[in-house]
Amino acid sequence: MTTVMNWLNENRAVYFGNATSMREFRVQLRGNRSVLLFGAYLVMLIGVAMFVYSEAVGDQRMSIVEAQSRLQSFYMTVMELLAGTICVVAPALSATTVVLERQRRSLDLVFSAPVSPKYFLVGKMLSSYRYIWMLLVLSLPVTAACVVLGGASWGDVLGSYVLLSMQALVLTSISLLMSTLAPKPVSAVLWSYAACIPYLLVTASGAGSFLFGYGHGHSMEAPFFVALSPFMVIQAVGTYTAVGNFDVPNWIPALGVTLLITKIALLTAGSLLSPVGKEARSLRIHGFFYLVATIGLLGYYTTSSIGFSSDLGGTLGRTLAWVLMPLIVVLPFMTCYGYDGENRFKPNGMFKLTDIFKPTPATGLPYVLLLIGGAAVGLVSGFWIGVRESGVSFLSPATAALTPVKAATPNLGAFSFVEYFTFVVAFWVFFWSVGRLASSFGIGLRAARALQFGSFLLLCAIPVPVIITLDHASSLTGGTNIWSLWALRSIFNGDSSASGEAMTYAVILCLLAIPISFYAEARLKEMLEKRNAIRNVVDSAA
Amino acid sequence: MLEVLNLRKEYAGLTAVKGVSFSLQPGDIFGFIGSNGAGKTTTIRMIATLLEPTSGTARLNGADIVNDPMAVRRMIGYMPDFFGLYDDVKVWEYLDFFAAIYQVPAKQRSEVIDNVLELTDLTVKKNAFVQSLSRGMQQRLCLARCLVHDPLLLLLDEPASGLDPRARAELKELIAELGRMGKIVIVSSHILPELSDFCNTVGIIEKGELLAYGPVNEIVRATQPTRILEAHVLKDAAGAVELLQRLPQVVTAQATRDGELRIDFAGDNEGQAELVKALVDGGFKPIGFREHQADLEDVFLKLTTGAVN
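Note that the protein sequences, when read in sequence, are chains A and B. With the numbering used here applied, the first sequence has no gaps in its numbers, which climb one by one up to 549 at the end. With the numbering used here applied, the second sequence has no gaps in its numbers, which climb one by one up to 300 at the end.
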């Protein structure tokens, strides 16, 4: 009971009485500057709206249907304008918040107080987010005009505002993370836009390809990710996902995903700010569950596209390999060790299963294996649920018609999946061993991480132009050719032989990883002995 | 009570702090002396829970800096060697912000702010913007910030750097007052005269190693086993030196150009009286005689080599 009350009190302080947020907001709204900015924003919004309205409707006579259509397009333009404003303003507002504190050297003052990184970051986020909300509220007169004129309903407007504010939250949290990482305010702004633009492109293309592409008819049923793009809020606002007999509005799962992204971004930022590393542990726990859930959702939503595949196991295996590729960004932070960083990055063994979520080099490999296993289970489970719901056949209709006997016992391609799974495990174990080796040179944590990342590029990216130069006629897919020298070929190759190639590479990578990791351990032992000898000499001299 | 136990901090190829240990009681004002780069700031930042020690720990009233940093933070006020002020807020807003993050109840904050402003003599600047304050005032505001939650331990890293003599004197008075209020104060500095006036305990650190630690007079006595006496005779200083060198308790004696005698003396007060008598009996006419009081500067120069990490 006391724990629950403490948790409630802590969260009340973080979300409702946050001093950082109050201070920031007080400064934001001080003086005439904010009044002038808001005024200019409102004038610009009304001006653009009036211009668009006069262009769309004008004073010519038209039928009611055409007038309705033009008013709708007017409303759409206004909402696109709002979305654009949010995409520009949200990163700009939060990108400098943490980096300026670092530059001002006030972070030490804050963190010498009993303040957690969560308290500080949520405060920063709330102050930026509140500002965005003020921009949205100020735009209400313009969108209300759309309702009055008949271009949209109040439900549309409110729904769109909810979706827009959700996306503003994501952009704010991404920018906050970049602000924690960046060394200078200018680079923080640039990094924030560099991180937000891919997110906006991916969500817009995902939502757009579904909403405007093949398969989306007059039904409002759509995958939830259509609600993740700020530029598609009008189209996404009425959509829903059928879960059993229920139609769940898409803003609900989208809100869940938004909060998860926000949480991950804040945890990552917190683990960078925290000197004692509790946030890093929390990040590992959340990272695992979110990865499994996200990949599960991916499996669920891709049922229709991969369910007809003749090589189901292979397709799922390749999907698993692909979705885990971003691991390379975090792997160096989990596997490398050194004495020039925080205590948690000091060598503490090779493989430690206990306390797997504690961020130390010894738990790096177990955690990576846990992620791979969890991702595989998530993908297959999501896919299986999707298959059960949609009743998709495991064989393509053509194959099923030709081989009615086989259709009775569906070919799941489990062996192909196992081969790809083994490849994925071997691939990451190999890079883990490279990280251990790089660390054992004693070149420092940062250099070891760079070396590990560089080795990934060397093995995965650099061979591509070399192979193309050597033999541009060979194909990435198909039988054995020069592309077989490339370790990643099997995940690009949809042929039936590809899983076998993946297995071959799995064996090769494992055979390389084992001696590399043992050699690295021997080097580490030597390094530790030298280190202890030097310390003994220094201590005895003292 | 503060106990610092074998605190050590290593960076790549560098040991910034090598097993520093000391303990302090409420009311102690501890002068942490060392050259730039000696390891003072690193030690202070570890006690402030801003840096994780490589090994060792510190405990404040039983709360451990490694295992329970939040509990330690509630009991400390940390003033770094830079201001880190928010320029765009008013003085009371600045203090209100820190009172809030130190979880001072909202109803008490106004009174607390008034009290610390009065203590630091900043009441008249309550509604001024932080950026409009002079350097000395900003320093006092930093100190006021450290006091809003009534901490047990104050960590003041180079508090007087860059201050004019008046501001420095005011700050010294303020720190002495805090000691009288029963707080443990750790003041780091490389300007020695400013520390010797109000510190009752000092620690001298060089290359991350605590070379000496204890009450000021004990350290002086420990590092200066003999007394330096200065005498002036009316004439024949060289003869006086000759006489003095024959006395058993005199380690060395020498004369300066202007006839002053500098005597390294191993005896006590009784011995000093005997020495003066010997000079008079020897026909010399002493017109001045005093014991040179060794200070922190002498001790510091004697103990340290000036090397840094």
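For every residue, glycine included, the Cβ atom is placed at its ideal position computed from N, Cα and C.
Shorter than 7 Å from the beta carbon of residue 10 of chain A to some beta carbon of chain B?
One-based indexing of the first sequence puts residue 10 of chain A at position 3. Answer no: the Cβ-Cβ gap between residue 10 of chain A and chain B never drops below 7 Å.
Check the Cβ of residue 118 of chain A against every Cβ in chain B and list those closer than 7 Å, keeping chain order.
For the purposes of this step, residue 118 of chain A is identified with residue 111 of the first sequence, where counting begins at 1. 41, listed in chain order.
Note down, in chain order, each residue of its chain lying with its Cβ closer than 6 Å to the Cβ of residue 45 of chain B, except the 5 sequence neighbours on either side.
Counting from one through the second sequence, the residue named residue 45 of chain B turns up at place 54. Answer for residue 45 of chain B: -1, 0, 1, listed in chain order.
Scan the segment 123 to 191 of chain B and note each continuous beta strand (DSSP E) run of 3 residues or more that stays entirely inside, going in chain order.
144 to 148, 175 to 180
Is the segment 158 to 168 of chain B in contact with the segment 182 to 201 of chain B, if contact means three or more CB pairs nearer than 8 Å?
The segment 158 to 168 of chain B, when compared against the segment 182 to 201 of chain B, does touch it at the 8 Å Cβ threshold.
In whole angstroms, what is the alpha-carbon distance linking residue 324 of chain A and residue 272 of chain A?
Along the first sequence, read from residue 1 onward, the residue named residue 324 of chain A stands at position 317. Along the first sequence, read from residue 1 onward, the residue named residue 272 of chain A stands at position 265. Each residue's alpha carbon lies about 28 Å from the other.
Who are the Cβ neighbours of residue 123 of chain B in its own chain at under 7 Å, not counting the five residues just before and after it?
Counting from one through the second sequence, the residue named residue 123 of chain B turns up at place 132. Cβ within range, chain order: n/a, list empty.
Shorter than 7 Å from the beta carbon of residue 71 of chain B to some beta carbon of chain A?
Taking the second sequence and counting its residues from 1, one reaches residue 71 of chain B at position 80. Yes, contact with chain A.
Helix, strand or coil: which one does DSSP assign to residue 206 of chain B?
Working through the second sequence from its first residue, we reach residue 206 of chain B at position 215. Reduced to three states, the DSSP call for residue 206 of chain B is strand.
Output, in sequence order along the chain, the residues in the segment 137 to 160 of chain A whose CB is closer than 7 Å to any CB in chain B.
none
Would you identify the three-state DSSP class for residue 69 of chain B, choosing helix, strand or coil?
Against the second sequence, residue 69 of chain B aligns to sequence position 78. In the three-state reduction of the DSSP assignment, residue 69 of chain B falls in the strand class, which pools E and B.
With 7 Å as the threshold, decide whether the Cβ of residue 6 of chain A is near any Cβ in chain B.
Here chain A has residues from 8 to 549 only, and residue 6 of chain A is not among them.
So, are the CB atoms of residue 1 of chain A and residue 157 of chain A less than 7 Å apart?
No answer is possible for residue 1 of chain A: it lies beyond the span of chain A, which begins at 8 and ends at 549.
Report the residue from B/110, B/117, B/250 whose alpha carbon sits nearest the alpha carbon of residue 84 of chain B.
Residue mapping note: residue 84 of chain B aligns to position 93 of the second sequence, counting from 1. Of the candidates B/110, B/117, B/250, the one whose C-alpha sits nearest the C-alpha of residue 84 of chain B is B/117.
Between residue 530 of chain A and chain B, is any beta-carbon pair separated by less than 7 Å?
As a working note, residue 530 of chain A is residue 523 in the first sequence. No, its Cβ sits nowhere closer than 7 Å to a Cβ of chain B.
Would DSSP call residue 20 of chain B helix, strand or coil?
Locating residue 20 of chain B in the second sequence gives position 29, counting from the first residue. It is a strand residue.
Tell me which same chain residues have a C-beta within less than 8 Å of the C-beta of residue 256 of chain B, skipping the five on either side of it?
One-based indexing of the second sequence puts residue 256 of chain B at position 265. Answer for residue 256 of chain B: 217, 218, 219, 220, 240, 241, 242, 262, 263, 266, listed in chain order.
List, in order along the chain, the chain A residues whose C-beta lies closer than 8 Å to that of residue 45 of chain B?
Your numbering for residue 45 of chain B matches position 54 in the second sequence. Near residue 45 of chain B (Cβ distances below 8 Å), the residues of chain A are 350.
Out of A/250, A/507, A/227, which one is the CA nearest neighbour of residue 241 of chain A?
Position 234 of the first sequence, counted from the start, is the residue given in the question as residue 241 of chain A. Residue 241 of chain A has its Cα closest to that of A/227, out of A/250, A/507, A/227.
From the DSSP output, read off the bridge partner residues of residue 194 of chain B.
Translated into the one-based positions of the second sequence, residue 194 of chain B becomes position 203. In the DSSP output, where bridge partners are listed per residue, residue 194 of chain B has B/23, B/204.
Using a Cβ-Cβ cutoff of less than 7 Å, which residues in the same chain neighbour residue 32 of chain A once the five nearest sequence positions on both sides are dropped?
Within the first sequence, residue 32 of chain A is the residue found at index 25, counting from 1. Cβ within range, chain order: 134, 137.
Does DSSP put residue 47 of chain B in a helix, in a strand, or in coil?
Here residue 47 of chain B refers to the residue found at position 56 when the second sequence is read from its first residue. Of the three classes helix, strand and coil, the one that applies to residue 47 of chain B here is strand, per DSSP.
Would you mind telling me which residues of chain B sit closer than 9 Å to residue 205 of chain A, beta carbon to beta carbon, in chain order?
Looking up residue 205 of chain A in the first sequence gives position 198. Ordered by position in chain B, no residue passes the 9 Å Cβ test against residue 205 of chain A, which lies about 33 Å from the chain.
Am I right that residue 341 of chain A and residue 371 of chain A are in contact with their C-beta atoms under 8 Å? What's the rounded C-beta distance?
As a first step, residue 341 of chain A is located in the first sequence; it is residue number 334 there, counting from the start. As a first step, residue 371 of chain A is located in the first sequence; it is residue number 364 there, counting from the start. With 8 Å as the limit, residue 341 of chain A and residue 371 of chain A qualify as a contact, their Cβ atoms being about 4 Å apart.
So is residue 99 of chain A in contact with chain B if we call contact Cβ pairs under 7 Å?
The count along the first sequence starts at 1 and reaches residue 99 of chain A at position 92. Closer than 7 Å: no.
If you reduce the DSSP assignment to three classes, tell me which class residue 38 of chain B lands in.
Here residue 38 of chain B corresponds to residue number 47 of the second sequence, with the count starting at 1. In the structure shown, residue 38 of chain B sits in a helix (DSSP, three-state: H, G or I).
Taking DSSP as the reference, what is the three-state secondary structure of residue 413 of chain A?
Here the question's residue 413 of chain A lines up with position 406 in the first sequence. Any reading at residue 413 of chain A is ruled out, since the residue's pLDDT is 44, under 50, leaving its predicted position unreliable.
By the 10 Å Cβ neighbour count, where 16 or more other Cβ atoms means buried, how is residue 478 of chain A classified, buried or exposed?
As a working mapping, residue 478 of chain A is identified with position 471 in the first sequence. Exposed, since its Cβ has fewer than 16 Cβ neighbours within 10 Å.
Taking only runs that begin and end inside the segment 200 to 261 of chain B, name each unbroken alpha helix (DSSP H) of 4 or more residues, in chain order.
207 to 214, 228 to 237
Residues of chain A with CB closer than 8 Å to the CB of residue 84 of chain B, please, in chain order.
For the purposes of this step, residue 84 of chain B is taken as the residue at position 93 of the second sequence. In chain order: 30, 33.
Which residues of chain D have a Cβ atom closer than 8 Å to the Cβ of residue 204 of chain B, listed in chain order?
Annotation note: the requested chain D is absent from the structure, which comprises protein chains A and B.
What's the C-alpha gap between residue 145 of chain B and residue 70 of chain B?
What you label residue 145 of chain B is simply residue 154 of the second sequence in a count that begins at 1. What you label residue 70 of chain B is simply residue 79 of the second sequence in a count that begins at 1. The straight-line gap from Cα to Cα measures roughly 8 Å.
Quick one: Cα of residue 280 of chain B to Cα of residue 171 of chain B, how far?
The residue given as residue 280 of chain B occupies position 289 in the second sequence. The residue given as residue 171 of chain B occupies position 180 in the second sequence. Answer to the nearest angstrom: the Cα atoms are 36 Å apart.
Of all the options A/492, A/498, A/16, which has the alpha carbon lying nearest to the alpha carbon of residue 585 of chain A?
There is simply no residue 585 of chain A to check, as chain A begins at 8 and stops at 549 in what is shown.
In this structure, how does DSSP classify residue 7 of chain A when only helix, strand and coil are distinguished?
The first residue shown for chain A is 8 and the last is 549, placing residue 7 of chain A beyond what the model contains.
Out of B/77, B/102, B/235, which one is the CA nearest neighbour of residue 114 of chain A?
What you label residue 114 of chain A is simply residue 107 of the first sequence in a count that begins at 1. Residue 114 of chain A has its Cα closest to that of B/77, out of B/77, B/102, B/235.
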